Amino acid sequence: MTTLIPALTALFALLFAALLFDQYRTRRGAYQLAWGVGALAFSIAAGAEALAAAIGWSEPIYRVWYLFGAVWTAGWLGAGTILLLAKTRFGYWYALCLALSGLFTILVARRLEDPSAGPTALVYALTAWGATVAIGWLSYMGDVRWARFAITLTAGLSVIAVPLVVIAELPAPGWATDPATGAPIALLLPPELRLLTPILNVSGGLALLTGALFSIYVFMPKRRVLPYSSDPDQRGDELLFNLAIAPVALTVNFVRSVPDAWRAWRAGTLNRRVPATALIALGAFVPSLTDTLNRAGSTEGYQVGKLIGALLLLCGFLASVEAASEVRLPLFGRPVRALLRWVRRGG
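Mapped onto my numbering, the consecutive letters of the sequence shown carry residue numbers 500 to 846.
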């Protein structure tokens, strides 16, 4: 693992976090704060990997990497998306993300040899599934408190993770890395910590990705080839039917609407949020893909995937900025503003 790639990843993620915190300072959007926390955690974790590449791994660096990278990053980036879409029907989709995270936790536990893994995974999975039911019900009632419930869960699990990371007993040498890539892996960590991570990682990562796709669909020109309704006032059997067909209907309608969105983009009439959220979706997808390939044995793109992800997330944020003058960061503000103006003039 070279130092340059994780160092650049840390720099891009730090710039992303700084821009978000600066925007939060003036707009006070809770989603900006949550995204800022996630981006800062991303930067710290990548910085830990860069430091380890330069001076070698140590137990403190390994613990910092795991807490900020493996536990907090995806969870808080997903939390920002939840807060952004709190007043929409995205609660149904996040409930599905949580349900999948509980299932994934059970599957991970089956691969661990520790006898405590099974009961621990069951507790975590039941927690996720209980939250799934609560969030799904609040969404059905049209109650925006579903987002508050989801953020409380994310914050609670994040806080629980801190003492677990600090006090975890790690066998010598105190860290573990992939022999092929040199990238850190969670092999030495106890089940109560390793099995907590998927609840935040899977639900948060899926929320970031599906939330970006959801936003694209909301703001793009649409053709509803397959109609459906999520109106809570309809009969129960009708609601269940509509919820069942919603994924298919949304997919078909999304694909059918892409040519219209392309034409709107060519004409300069496409809502700025569509390309911005498309970049964010790619920024969530690329690191997930390279991480999956890394676990499957294809290790070449692991660090590059995270670098591309950080850059795409940063570009997605910049694409959403209405005016270059909104970027007021010291040191980096002037070159970023100049770059934005140059890009929007067409180069």
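Glycine is no exception: its CB is placed at the ideal position from the N, C-alpha and C atoms.
Computed from a predicted structure; not experimentally measured.
- Residues of the same chain with a CB within less than 6 Å of the CB of residue 566, apart from the 5 flanking positions on each side, are 664 in chain order.
- Residue 660 holds the alpha-carbon nearest to the alpha-carbon of residue 696 among 710, 730, 660, 707.
- Under the three-state reduction of DSSP output, residue 670 falls in the coil class, being neither helix nor strand.
- Residues 701, 705 of the same chain have their beta carbon placed closer than 7 Å to that of residue 599, with the five preceding and five following residues left out of the count.
- By the 16-neighbour rule on beta-carbons within 10 angstroms, residue 666 is exposed.
- Taking all protein chains in view, the Cβ of residue 572 is crowded by 16 or more other Cβ atoms within 10 Å, so the residue is classified as buried.
- By the neighbour-count criterion, in which a residue is buried when 16 or more other Cβ atoms sit within 10 angstroms of its Cβ, residue 505 is buried.
- Where residue 691 is concerned, the enclosing alpha helix (DSSP H) starts and stops at 690–693.
- As DSSP reads the structure, residue 683 sits in a beta bridge with 676.
- The closest CA to that of residue 507, considering only 711, 538, 549, 836, is found on 549.
- When the alpha-carbon of residue 588 is set against those of 745, 784, 785, the nearest one is in 745.
- The criterion of a C-beta distance shorter than 7 Å is not satisfied by residue 782 and residue 789.
- Short of 7 Å from the beta carbon of residue 520, and not among the five residues preceding or following it, lie these beta carbons of its own chain, in chain order: 535.
- Residue 575 carries a helical assignment under DSSP once its states are collapsed to helix, strand and coil.
- Annotation: the segment 611–653 contains the following complete segments of the alpha helix (DSSP H) (minimum length 4 residues), in chain order: 616–639.
- Inclusion of residue 585 and residue 646 in the CB contact set at 7 Å is warranted, their separation being smaller than that value.
- Minimum Cα-Cα distance from residue 624 among the listed residues 826, 606, 634 corresponds to 606.
- DSSP places residue 815 inside the alpha helix (DSSP H), whose first and last residues are 801–819.
- Where residue 542 is concerned, the enclosing alpha helix (DSSP H) starts and stops at 529–554.
- It is roughly 10 Å from the alpha-carbon of residue 699 to the alpha-carbon of residue 601.
- Here residue 617 has 608 as same chain residues with Cβ atoms under 6 Å from its own Cβ, once five neighbours each way along the sequence are excluded.
- The C-beta distance from residue 564 to residue 547 rounds to 4 Å, short enough to meet the 8 Å contact threshold.
- Contact between residue 721 and residue 752 holds, with the beta-carbon distance rounding to 6 Å and staying under 8 Å.
- The three-state secondary structure of residue 840, taken from DSSP, is helix.
- For residue 768, the secondary structure class from DSSP, reduced to helix, strand or coil, is coil.
- Counting the other Cβ atoms within 10 Å of the Cβ of residue 631 gives 16 or more, which makes it buried.
- By the 16-neighbour rule on beta-carbons within 10 angstroms, residue 787 is buried.
- For the 7 Å CB-CB criterion, residue 511 and residue 810 form a contact.
- In this structure, residue 619 places its C-beta atom within 7 Å of the C-beta atom of residue 691.
- When secondary structure is reduced to three states using DSSP, residue 727 falls in the coil class, being assigned neither helix nor strand.
- The residue from 750, 773, 689 with its alpha-carbon nearest to that of residue 760 is 773.
- The Cβ-Cβ distance between residue 814 and residue 778 falls below 7 Å.
- Between residue 537 and residue 575, the C-beta gap is smaller than 7 Å, which places the two residues in contact.
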